[in-house]
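One structure is given here, and the rest of the page talks about it.
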Amino acid sequence: MNPSPKPLCILVLSGDMEKGLAAMNLSLAAAAGGAPVTLFFSFWGLNFLKRPGAKARGAILQRMMGWMNGDSATSQRLGRFHLGGVGRWAMGRLMRAKQMPSFLNSLALAKPLGVRVVACSTSLEVMGLTREELIPEVDAVEGAAAFLQVAGEANIVTLS
Amino acid sequence: MNPSPKPLCILVLSGDMEKGLAAMNLSLAAAAGGAPVTLFFSFWGLNFLKRPGAKARGAILQRMMGWMNGDSATSQRLGRFHLGGVGRWAMGRLMRAKQMPSFLNSLALAKPLGVRVVACSTSLEVMGLTREELIPEVDAVEGAAAFLQVAGEANIVTLS
Amino acid sequence: MNPSPKPLCILVLSGDMEKGLAAMNLSLAAAAGGAPVTLFFSFWGLNFLKRPGAKARGAILQRMMGWMNGDSATSQRLGRFHLGGVGRWAMGRLMRAKQMPSFLNSLALAKPLGVRVVACSTSLEVMGLTREELIPEVDAVEGAAAFLQVAGEANIVTLS
């Protein structure tokens, strides 16, 4: 309905399942309406872009953190009521019952609509991850300056 | 002082008491300055709009989640130092001592100033809630597309 | 590259170390590109502005909360994998190994670039803190109306 809808730029700093779902819900709605959408994943948000079984390299601390922080594009903890995994299981079942797409399903729908997926270069380095450990849906690895440029004239939504 | 202040659009994704208070603090300041304000509550943020004693319906999982997630417009957990309810009690006492309004008190002040309160339709469905379980202050039940339209030319603040 | 880059206004509501680092990372990138930057710290975000050993005054509840909430400009808990301090220690080591500046180091870099640091007046009062308990890098103590005025034509990033 809007001739040239405002670009949307979403910054995902959290690795909680809820934040990824909210990011994709907004992205799909915006892209379906013709808006350019950029998803920028930083810090724990990078979990959404990790291949299942991704391995952190580097110092022992990075490898230990990578081992603890085992979430990936296919499985994330809930920010509330995680309950050692029971909450995640329940939420997953509810979403399937309601035919709501998972994070990765939504991303598959979003990519053909032009949604751009960016991983934060600084966070990758701190976590000891390389591009190879990320899912193929990632379009680029960029830093804060790139985010600010995209954010310039966009609506910014921060999920932290 | 500003002839036509920029609209403010607040997205509340968290159910933590702090986020609801911040949302209302900003809403009141913006509305008092003449800005159109829309509050959009999604995911756990919906807790702020639930009647005390609201019941989730649907599958057993939804009812169980509703039972666990007992927060409502009159009582929310703190994101930090909840301490099984002690933190909430202490914060409530502090706020009364400082004569700071609660979430619901602020909402009562905000509504006559034209602040619009929207509940996210997708979240309601996942949680097994209907309009009847929400407080009367809710103006509409809408989805992501509606949020994006309101957000279009507004300042967006995300509380997640 | 941009003749007059858009101002950046960051609202920090969380006291988690990750949020402070993200705020400073964005601030430095924006200020280096010539954008006016304002950092607004509210609620638990005020922890980033507290002198080490800052003391809350007032009612016993405020002093107790101040005692529990011992984080300061030099030491904050991690939002994820805090693990009783082990996560913070590990993250601190990783950052030093990667030569990434701490929150306070970044702030020292940001101030000469014109980054403005504001503490929320309402939050200060609730927490029983005065200007004297804050680090000297704080430029002003202001309320929600001041935030909205700065946010007016800026890009807003919320870290909550």
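Chains as they are written, first to last, in the numbering used here: chain A, 78 to 237; chain B, 78 to 237; chain C, 78 to 237. Ideal Cβ positions, reconstructed from N, Cα and C, are used throughout, including at glycine. Predicted model, so just to flag it, every value in this text is computed and none were measured.
Contact check, residue i vs residue j, beta carbons under 8 Å
i                      : j                      : result
residue 187 of chain A : residue 101 of chain A : yes
residue 183 of chain B : residue 90 of chain B  : no
residue 143 of chain B : residue 205 of chain B : yes
residue 148 of chain C : residue 154 of chain C : yes
residue 196 of chain C : residue 110 of chain B : no
residue 203 of chain B : residue 177 of chain A : yes
residue 42 of chain A  : residue 210 of chain A : Residue 42 of chain A cannot be examined here, being either before or after the span of chain A that is shown, 78 to 237.
residue 180 of chain B : residue 145 of chain C : no
Closer than 8 Å to chain A by CB, residue i
i                      : result
residue 209 of chain C : no
residue 198 of chain C : no
residue 195 of chain B : no
Start-to-end residues for the beta strand (DSSP E) that takes in residue i
i                      : result
residue 232 of chain B : 232 to 236
residue 87 of chain C  : 85 to 89
residue 187 of chain A : Careful: residue 187 of chain A lies outside any beta strand (DSSP E), inside the alpha helix (DSSP H) at 180 to 187.
residue 116 of chain B : 114 to 118
residue 52 of chain C  : Because chain C here runs from 78 to 237, residue 52 of chain C falls outside it and cannot be looked at.
residue 196 of chain C : 193 to 197
Own chain partners of residue i with C-beta closer than 7 Å, once the 5 adjacent residues on each side are dropped
i                      : result
residue 212 of chain B : 126, 128, 150
Minimum Cβ-Cβ distance from residue i to chain C less than 8 Å
i                      : result
residue 173 of chain B : no
residue 144 of chain A : no
residue 187 of chain B : no
residue 126 of chain A : no
residue 162 of chain B : no
residue 110 of chain B : yes
residue 221 of chain B : no
residue 218 of chain A : no
Any chain B beta carbon closer than 8 Å to residue i
i                      : result
residue 157 of chain A : yes
residue 227 of chain C : no
residue 153 of chain C : no
residue 235 of chain C : yes
residue 96 of chain A  : yes
residue 182 of chain A : no
residue 190 of chain A : no
residue 170 of chain A : yes
residue 102 of chain A : yes
residue 214 of chain C : no
residue 206 of chain C : no
residue 274 of chain A : What is shown of chain A runs 78 to 237, which leaves residue 274 of chain A out entirely.
residue 120 of chain C : yes
residue 231 of chain A : no
residue 133 of chain A : no
Element boundaries [alpha helix (DSSP H), containing residue i]
i                      : result
residue 108 of chain C : 94 to 109
residue 163 of chain C : 163 to 174
residue 144 of chain B : 137 to 145
Contacting residues, own chain, Cβ-Cβ under 6 Å from residue i (five flanking each side not counted)
i                      : result
residue 88 of chain A  : 117, 235
residue 121 of chain B : 91, 92
residue 156 of chain A : 93, 95
residue 190 of chain A : 108
residue 114 of chain B : 85, 104, 107, 108, 192
residue 194 of chain B : 116, 214, 215, 216
residue 119 of chain C : 90, 197, 200
residue 233 of chain A : 86
Spatial neighbours of residue i in its chain, beta-carbon cut-off 8 Å, leaving aside the 5 residues before and after
i                      : result
residue 207 of chain C : 134, 201
residue 220 of chain C : 197, 198, 199
residue 169 of chain C : 179
The ligand GDP heavy atom lying under 7 Å from the CB of residue i
i                      : result
residue 196 of chain A : With respect to the ligand GDP, the structure shown offers nothing to examine, as it has no ligands at all.
Minimum Cβ-Cβ distance from residue i to chain D less than 8 Å
i                      : result
residue 149 of chain C : This model lacks chain D altogether, as its protein chains are A, B and C.
For the 8 Å Cβ check, are there 3 or more pairs between the segment 145 to 164 of chain C and the segment 218 to 233 of chain C?
no
Contact the segment 103 to 118 of chain A vs the segment 129 to 146 of chain A: 3+ CB pairs below 8 Å:
Touching, no.
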